[in-house]
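S.K.:
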Amino acid sequence: MKKKKSFTIRDIAENAGVSPATVSLVLNGKGEISGETRTRVLEAVSRLNYVPRVAKTGNGTTGPGETIRFLKISKHGGTVNRDHSVFVSDYIDGMSSEASRRNYTLEVASFEGQPVSAVAESLAGAPVRGVIALGTELSAVDIHMIQGMGLPTVFIDTFYDVVEANFVDMNNEDAVFKVLSHFKQSGFSRIGFVASPTETMNFRLRREAYVKNMQRLNLKVQPDDILSVESTYEGAYRDTRELLKSGHNLAECYFCTNDIIAYGFIRALKESGVRIPEDVSVIGFDNLPQSATMEPMLTTVDVSKRKIGNVAVSILDDLINAADKQPAVKVLVGADLVVRQSDSVLSSRKKKRPQLEDAGE
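One point on numbering: in the numbering used here, the residue at position 276 of the sequence shown is 580, and numbering is uninterrupted.
1) When you compare only the Cα positions, how much space is there between Tyr-514 and Pro-431?
2) How about Leu-329 and Ile-337: are their beta carbons less than 8 Å apart?
3) Determine the extent of the alpha helix (DSSP H) in which Leu-286 is found, giving its start and end residues.
4) Counting pairs of Cβ atoms below 8 Å between the segment 489–509 and the segment 590–604, do you hit three or more?
5) Give the straight-line distance between the Cα atoms of Ile-570 and Asp-473, rounded to the nearest whole angstrom.
6) Does DSSP put Lys-488 in a helix, in a strand, or in coil?
7) Sorted by chain position, which residues of the same chain lie with C-beta nearer than 7 Å to Gly-664's C-beta, five sequence neighbours on each side aside?
8) Using a beta-carbon distance below 8 Å, is Arg-510 in contact with chain D?
9) Can we say the segment 515–526 touches the segment 479–496, given the rule of at least three CB pairs closer than 8 Å?
10) Is it buried or exposed, Asp-397, if we count other Cβ atoms within 10 angstroms and call 16 or more buried?
11) Pick out whichever of Leu-346, Ser-393, Arg-314 and Ser-651 has its Cα sitting closest to the Cα of Gln-489.
12) Taking Cβ positions, are Ser-414 and Lys-379 nearer each other than 8 Å?
13) Tell me, please, which residues DSSP counts as bridged to Gly-496.
14) State buried or exposed for Ser-421, treating a residue as buried only when at least 16 other CB atoms are found within 10 Å of its CB.
15) Gln-636 bridges to which residues according to DSSP?
16) Under 8 Å: do the segment 578–586 and the segment 553–569 share three or more Cβ pairs, one atom per stretch?
17) To the nearest angstrom, how far is the alpha carbon of Met-399 from that of Pro-419?
18) Between the Cα of His-448 and those of Glu-468, Thr-341, Ile-436 and Val-435, spot the shortest distance and give me the residue it belongs to.
19) Could you give the first and the last residue of the continuous alpha helix (DSSP H) run that contains Arg-508?
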């Protein structure tokens, strides 16, 4: 069997176009590093499946050289893909800094398109003290399978109320309420939702939160205002163009399940002559770096992925060092609405929208 190449900090630096010292600062959560540089380094870490050897300091209970493993699982690739690499890198950044503080070595293992049984089997006899698993595309059955390996385990980017497991996720209910409240305060009553058929728990929770909070705010849910598009940028763009070609009557504003979907949605609208936000307001979810540089800049929900990574390592450390079996811990991290240019107040609009341009080829 061919041995996997072991990458070094110098390899990461060359791949990211920065100095080895900069890579070291990013991996250890130190120094004044720009967001753009940090993102480049973490994307390189993810691409090369680099195993950060985090420095050991302090006098915690963890022994020297002990390892925790992050399982980056892309089961079907609908959401864990190149479009979302920055999102995952932020999780790694948060885990890396907290692992350093708690004297662990953080190991990153990527699984793309492999059955979850293979992921679970990779843990058999693995020299690791605990596991943090990216649960974005995992079902409840998958979670039970990974837990069945008997290692202390925390799942991030997913949340199941009735599954006995440890979860750290964003508070989708709170986040969606903030989006819909913002739209209502801006004078809108016909608020649409751009969903995706891709099966992830967070997508499902956001759709449920949309319906529940529309009712809570005394707003009517109109079935035609719930759109369904693919979760990739190109897929969202293509599906939106098809909707526009069919003469779909647009709502006043839309909340998109995530930023990637919002990017494709906005591109299709703009190409069809719909002005953002003069004709239709759009809000996304994730606050990816591109959201602050696109035209118009995207109003979006920001959840600290680094905080989620920090908390996951903290919970895992408690599990590793606990003398007795611990009850499941389920943590939801709050969100903030970052207001930019893609939404407006209703009173600032002209009464009549322009005719949609031909959305054909």
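Glycine residues also receive a C-beta, built at the ideal position from the N, C-alpha and C atoms.
M.R.: The short version:
1) Approximately 43 Å between the Cα atoms of the pair.
2) Cβ distance < 8 Å, so Leu-329 and Ile-337 count as in contact.
3) Outside the modelled stretch of the chain, which goes from 305 to 665, sits residue 286, for which no answer is possible.
4) Taking a cut-off of 8 Å on C-beta distances, the segment 489–509 does not touch the segment 590–604, as fewer than three cross pairs fall below it.
5) About 27 Å.
6) In this structure, Lys-488 counts as helix in the three-state DSSP scheme.
7) Caution is warranted here: a pLDDT of 48 is assigned to Gly-664, below 50, making its placement in the model unreliable, and the coordinate value is therefore given only provisionally. Contacts found: Lys-549.
8) Looking at the structure shown, chain D is missing, and only one protein chain is on hand.
9) The segment 515–526, when compared against the segment 479–496, does touch it at the 8 Å Cβ threshold.
10) Classification of Asp-397: buried, given that the 10 Å Cβ count is 16 or more.
11) The residue with the shortest Cα to Cα distance from Gln-489 is Ser-651.
12) Ser-414 places its beta carbon 8 Å or farther from that of Lys-379.
13) For Gly-496, which the question treats as bridged, DSSP gives the partners Tyr-558.
14) Looking at its Cβ environment, which holds fewer than 16 other Cβ atoms inside 10 Å, Ser-421 is exposed.
15) With the sequence shown as reference, residue 636 is identified as Leu, and Gln is not the correct amino acid for it. Leu-636 is bridged to Asp-473.
16) Touching, per the Cβ criterion.
17) When rounded, the separation of the alpha-carbon atoms in Met-399 and Pro-419 is 25 Å.
18) Distance from the Cα of His-448 is smallest, within the candidate group Glu-468, Thr-341, Ile-436 and Val-435, for Glu-468.
19) Element bounds for Arg-508: 505–520.
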